[in-house]
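Enquirer: My structure is below; once you've seen it, I'll send some questions.
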Amino acid sequence: MFPHEEKLIKERLGREPNEVEKAMLEVMWSEHASYKSSRKWLKLLPTKNEHVILGPGEDAGVVKFDENTAIVVGIESHNHPSAVEPYGGAATGVGGIVRDILCMG
Numbered sequence: 000m001f002p003h004e005e006k007l008i009k010e011r012l013g014r015e016p017n018e019v020e021k022a023m024l025e026v027m028w029s030e031h032a033s034y035k036s037s038r039k040w041l042k043l044l045p046t047k048n049e050h051v052i053l054g055p056g057e058d059a060g061v062v063k064f065d066e067n068t069a070i071v072v073g074i075e076s077h078n079h080p081s082a083v084e085p086y087g088g089a090a091t092g093v094g095g096i097v098r099d100i101l102c103m104g
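Numbering-wise, numbering that gives the first Met the number 0 puts 6 at position 7 of the sequence shown, and it's gapless, one number per residue.
Written as structure tokens, this is what we have:
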């Protein structure tokens with residue numbers, strides 16, 4: 000967490016957070032969980048038009064290609080395991096993309 004975020008937490012709680020609270024907040028405010036640094040940029044992308052069947056908030060995006068075809072697109076933000084264990088982390092990321100695309104039907 001950044002110092003200004005730690006200060007905000009102390010102000011809101013009225014005290015220093017304990018180790019469990021701090022760990023929970025660090026996870027919740029991570030890029031993977033909250034998109035705290037990329038959210039503002041993602042919001043700039045167009046998400047609604049006649050070709051968007053399912054947009055943000057779903058497991059994967061679905062875009063109309065033609066009258067009989069739709070394209071399903073997925074992005075995986077699960078990057079933490081890659082820093083700890085690159086091969087397993089990469090498998091987790093790819094598995095997440097495959098899961099999200101397949102679950103869209």
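Cβ atoms here follow ideal geometry from the backbone N, Cα and C, with glycine treated the same way.
In the DSSP assignment, what are the bridge partners of residue 65?
Expert: Answer is 68, bridged to residue 65.
Enquirer: Check this for me: beta carbons of residue 68 and residue 55, under 8 Å apart or not?
Expert: Result no, Cβ atoms of residue 68 and residue 55 do not sit closer than 8 Å.
Enquirer: Under 6 Å Cβ to Cβ from residue 76, same chain only, skipping five residues before and after it: list those, please.
Expert: Closer than 6 Å at Cβ, skipping near neighbours: 31.
Enquirer: My output table needs one value for residue 60: the three-state DSSP class, helix, strand or coil.
Expert: Here residue 60 sits in strand by DSSP.
Enquirer: If you measure between the beta carbons of residue 0 and residue 25, is that distance less than 8 Å?
Expert: Closer than 8 Å, so yes.
Enquirer: Does DSSP put residue 8 in a helix, a strand or coil?
Expert: DSSP places residue 8 in helix when its eight states are reduced to three.
Enquirer: Measure how close the beta-carbons of residue 15 and residue 6 come, nearest whole angstrom, since I'm counting them as under 8 Å.
Expert: Not quite, the Cβ-Cβ distance comes to about 11 Å (not below 8 Å), so this is no contact.
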